[in-house]
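Below: the structure, in structure tokens.
There are 2 protein chains.
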Amino acid sequence: MTSARPRPAVVLVSGGLDSATILAIARAEGFEPYAISFDYGQRHRFELEAANRVCQSLGVKRHIVVPLDLRAFGGSALTADIDVPKDRSDEQLATGIPITYVPARNTIFLSVALGWAEVLGASDLFIGVNAVDYSGYPDCRPEFIAAFRQLARLATKTGVEGTPWHVHAPLITLSKADIIRRGLSLGVDYGLTHSCYDPDPQGRSCGHCDSCQLRLRGFAEAGLTDPALYVTSAAS
Amino acid sequence: MTSARPRPAVVLVSGGLDSATILAIARAEGFEPYAISFDYGQRHRFELEAANRVCQSLGVKRHIVVPLDLRAFGGSALTADIDVPKDRSDEQLATGIPITYVPARNTIFLSVALGWAEVLGASDLFIGVNAVDYSGYPDCRPEFIAAFRQLARLATKTGVEGTPWHVHAPLITLSKADIIRRGLSLGVDYGLTHSCYDPDPQGRSCGHCDSCQLRLRGFAEAGLTDPALYVTSAAS
Chain A
1 MTSARPRPAV VLVSGGLDSA TILAIARAEG FEPYAISFDY GQRHRFELEA
51 ANRVCQSLGV KRHIVVPLDL RAFGGSALTA DIDVPKDRSD EQLATGIPIT
101 YVPARNTIFL SVALGWAEVL GASDLFIGVN AVDYSGYPDC RPEFIAAFRQ
151 LARLATKTGV EGTPWHVHAP LITLSKADII RRGLSLGVDY GLTHSCYDPD
201 PQGRSCGHCD SCQLRLRGFA EAGLTDPALY VTSAAS
Chain B
237 MTSARPRPAV VLVSGGLDSA TILAIARAEG FEPYAISFDY GQRHRFELEA
287 ANRVCQSLGV KRHIVVPLDL RAFGGSALTA DIDVPKDRSD EQLATGIPIT
337 YVPARNTIFL SVALGWAEVL GASDLFIGVN AVDYSGYPDC RPEFIAAFRQ
387 LARLATKTGV EGTPWHVHAP LITLSKADII RRGLSLGVDY GLTHSCYDPD
437 PQGRSCGHCD SCQLRLRGFA EAGLTDPALY VTSAAS
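Sequence order for the protein chains is A and B. Residue numbers for the first sequence follow my numbering, so the first one is 1 and each next one is one higher. Residue numbers for the second sequence follow my numbering, so the first one is 237 and each next one is one higher.
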């Protein structure tokens, strides 16, 4: 690969705050981003609409939405008919694995991204996982990322032929406030993003689920107001 | 898990010879099999029809077919409009990674199986990979399986909570002839299976692609005749 073409990278874009930030980071680091989103039977469509807005706003070489219906096996409040928990305390947010955990989600998403990357001749993947405000998800930790990189090396033609894989998780040790500051410095419009697990029919965020709480706390810590629309006064 | 219920295991069933054999092995080892197949934009439907026949014949607790359209990124003769190679020599079969390689396929399939297993409370996965007649696929090697097991441990709630994951690849060191002998001893009807990459419109196998060649060679080495239907006299 001696061409002057920028290096391609596959970026996992959910439409949330974190993934918008990593897309901006991938661009700032000189990569040509190929964005991938999943239609995995989310409870609502606002996430995918936000993913489209974010990709258009920040600019990507291509954006694909892969249909992958995880409702076939259920088991999570994000895909099955289970209530999303609300107004959990800081202690609850910081401990345990909540019901919104989708089994093996990041493993599945990174695996599909890996396949696409290999077809594109890319050896860089970007994922917006975060181990600080990670709500207890096991597949958001640095050791998970390291294990996936090792797997990628062994699983692929590219890896076997000696190309090292890079799994970029630039947010992994940042607080939500730091992520927001970083994104704003790179021109991210967080008003385009969607984080809420349980929005109203108009797509306004609930302000009470884990994702809203972590997001609102991040903006507050950064001394900023979240530009997203909320149903209640919880946002203020 | 102190109930008398047999241990559940998720078995990857493609409809081919190898996956039928591992399904029989999982049953013989006392597991309650949950079969998973993928509709990944294969060039033909005969594989999935064979998967259904195999599951019905051997008995499973449940069989799901997960739609996962890998044609979105192309890049393989098995999913894109690229000719399937035919009549390759023994030397060609034994070396290199052929165009029928689907990037990251086994990683993707195992990842989805992992998610379903976690929902089911299973910690055993069965995959029919084979490192002897593996046609050069990197994701059919023992080191790949070991790396996936390590990833599963770190990626899942179950793993974090201390349950060890078992990724069974009981065919990995067997020759095709040994696999066939093993399956026959467990009552597998290989006439129900489909291996060909490029069947005719009636579903008859071509006899010349890598998969047919390896299969025919296996039956010949075992001193048996393949019960599958072939287009040409290559089978005899």
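Even glycine gets a Cβ: it sits at the ideal position worked out from N, Cα and C.
Using only the alpha-carbon positions, how far apart do residue i and residue j sit?
i: residue 245/A; j: residue 6/A; result: Because residue 245/A is not part of the residues shown, which for chain A are 1 to 236, the question remains open.
i: residue 187/A; j: residue 29/A; result: 14 Å
i: residue 39/A; j: residue 66/A; result: 6 Å
i: residue 237/B; j: residue 357/B; result: Confidence is the limiting factor: at residue 237/B the pLDDT is only 48, short of 50, which leaves the residue's position unreliable, though a coordinate-based value still follows. Roughly 9 Å between the two C-alpha positions.
i: residue 235/A; j: residue 207/A; result: Annotation note: pLDDT 45 at residue 235/A (below 50); position unreliable, no value reported.
i: residue 124/A; j: residue 57/A; result: 22 Å
i: residue 8/A; j: residue 203/A; result: 33 Å
i: residue 201/A; j: residue 319/B; result: 48 Å
i: residue 379/B; j: residue 154/A; result: 7 Å
i: residue 227/A; j: residue 31/A; result: 28 Å
i: residue 269/B; j: residue 393/B; result: 22 Å
i: residue 400/B; j: residue 152/A; result: 21 Å
i: residue 452/B; j: residue 421/B; result: 19 Å
i: residue 138/A; j: residue 323/B; result: 47 Å
i: residue 338/B; j: residue 85/A; result: 39 Å
i: residue 220/A; j: residue 212/A; result: 12 Å
i: residue 90/A; j: residue 173/A; result: 19 Å
i: residue 386/B; j: residue 232/A; result: 44 Å
i: residue 296/B; j: residue 461/B; result: 27 Å
i: residue 116/A; j: residue 306/B; result: 9 Å
i: residue 162/A; j: residue 229/A; result: 47 Å
i: residue 289/B; j: residue 416/B; result: 18 Å
i: residue 160/A; j: residue 342/B; result: 15 Å
i: residue 419/B; j: residue 278/B; result: 25 Å
i: residue 49/A; j: residue 175/A; result: 26 Å
i: residue 450/B; j: residue 214/A; result: 54 Å
i: residue 232/B; j: residue 37/A; result: Given a span of 237 to 472 for chain B in the structure shown, any question on residue 232/B remains unanswerable.
i: residue 441/B; j: residue 205/A; result: 54 Å
Does the separation of the CB atoms of residue i and residue j fall below 7 Å?
i: residue 11/A; j: residue 109/A; result: no
i: residue 431/B; j: residue 253/B; result: yes
i: residue 171/A; j: residue 223/A; result: no
i: residue 68/A; j: residue 350/B; result: no
i: residue 209/A; j: residue 190/A; result: no
i: residue 429/B; j: residue 256/B; result: yes
i: residue 381/B; j: residue 403/B; result: yes
i: residue 280/B; j: residue 435/B; result: yes
i: residue 454/B; j: residue 413/B; result: yes
Tell me, please, which residues DSSP counts as bridged to residue i.
i: residue 415/B; result: In DSSP, residue 415/B forms no bridge with anything.
i: residue 34/A; result: 10/A and 62/A
i: residue 132/A; result: DSSP lists no partner for residue 132/A.
i: residue 437/B; result: Looking at the DSSP assignment, residue 437/B forms no beta bridge with any residue, so it has no partner.
i: residue 126/A; result: 11/A and 168/A
i: residue 230/A; result: 205/A
i: residue 275/B; result: 303/B
i: residue 322/B; result: 445/B
What distance in whole Å lies between the Cβ atoms of residue j and residue i, which are believed to be in contact at a cut-off of 8 Å?
i: residue 501/B; j: residue 376/B; result: Beyond the ends of chain B as shown, which are 237 and 472, falls residue 501/B; an answer cannot be given.
i: residue 35/A; j: residue 347/B; result: Residue 35/A to residue 347/B, Cβ: 20 Å. No contact.
i: residue 287/B; j: residue 250/B; result: 6 Å
Could you name the residues of chain D that residue i contacts, counting a contact when the two beta carbons are closer than 7 Å?
i: residue 244/B; result: The chain labelled as chain D is not found among the protein chains of the depicted structure, namely A and B.
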